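A quick write-up on the structure given underneath.
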Amino acid sequence: MARYAVEMFGQLVYSPDLSYDDLLSLESELKVGLTGIIAGQGGDFAHFEAMGDTMRVQCVFAEQGEKLFHSFCAELAPLMDGNVEARLLFVDKDLDLLHVYALNGGAWRECCISLPAPGPLTLAMRDRPAKKKRTGGKSARKPASGKRLPANPI
Numbered sequence: 416m417a418r419y420a421v422e423m424f425g426q427l428v429y430s431p432d433l434s435y436d437d438l439l440s441l442e443s444e445l446k447v448g449l450t451g452i453i454a455g456q457g458g459d460f461a462h463f464e465a466m467g468d469t470m471r472v473q474c475v476f477a478e479q480g481e482k483l484f485h486s487f488c489a490e491l492a493p494l495m496d497g498n499v500e501a502r503l504l505f506v507d508k509d510l511d512l513l514h515v516y517a518l519n520g521g522a523w524r525e526c527c528i529s530l531p532a533p534g535p536l537t538l539a540m541r542d543r544p545a546k547k548k549r550t551g552g553k554s555a556r557k558p559a560s561g562k563r564l565p566a567n568p569i
């Protein structure tokens, strides 16, 4: 039995208006804040990765469910002011739903994506209209090798 039911992936994007020193200070504050929120929500193995004007965060939770995700977002949203925005993805190990959250301006929005059930997949096929043949102009192009190739159909 899996010990952790949910994995969270997050990306925090900093405002381009921040100076380098302000960005470093904000990043440090966010790491402390996120570490507290993750621990308070029962999360474990918090990993942070600075990527220039963004920071990635990843952690796991033993519990799962929208109540946990909403509580997490409610605690994190006040930290998302005009200088930073966040996107979070919660993936439950059963792969039933993907929970996606966008946080900015002290508020958050949610989107849930239902994954297809196991079994054969039905593919949606789309017909593409035939490309029109070119008229006039060059009918062939000459590559570096010197041999003639048919005209590019694009």
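All the letters of the sequence shown, read from the start, carry residue numbers 416 to 569 under the working numbering.
C-beta atoms are modelled at their ideal positions from N, C-alpha and C, and glycine is treated no differently.
Treat the numbers as computed from the prediction; the structure is a model and nothing was measured.
{"Query": "Rounded Cβ spacing between residue 426 and residue 501 (contact assumed at less than 8 Å)", "Result": "7 Å"}
{"Query": "Expected contact under 8 Å - CB spacing of residue 420 and residue 511 to nearest Å", "Result": "Incorrect: roughly 11 Å between the Cβ atoms, too far for contact."}
{"Query": "Chain-order list of residues whose beta-carbon lies under 7 Å from that of residue 418 (same chain, five-residue window excluded)", "Result": "477"}
{"Query": "Whole-angstrom distance between residue 504 and residue 486, CA atom to CA atom", "Result": "14 Å"}
{"Query": "Supposed close pair residue 492, residue 522 - CB separation, criterion 8 Å", "Result": "6 Å"}
{"Query": "Check whether residue 429 and residue 499 have beta carbons under 8 Å apart", "Result": "yes"}
{"Query": "Buried or exposed by the 16-neighbour rule on C-beta atoms within 10 Å, applied to residue 472", "Result": "buried"}
{"Query": "Alpha-carbon spacing of residue 448 relative to residue 530, whole angstroms", "Result": "32 Å"}
{"Query": "Top-ranked residue by Cα proximity to residue 457, from 432, 445, 480", "Result": "480"}
{"Query": "Assigned exposure category for residue 439 - 16 Cβ within 10 Å defines buried", "Result": "exposed"}
{"Query": "Residue 454 in three-state terms, based on DSSP", "Result": "helix"}
{"Query": "Residues near residue 469 by beta carbon distance below 8 Å, same chain, minus five either side", "Result": "426, 427, 428, 429"}
{"Query": "Nearest-angstrom Cβ-Cβ length linking residue 446 and residue 424, presumed shorter than 8 Å", "Result": "Not confirmed; about 16 Å, so no contact."}
{"Query": "Environment of residue 466 [buried if 16+ CB atoms lie within 10 Å]", "Result": "exposed"}
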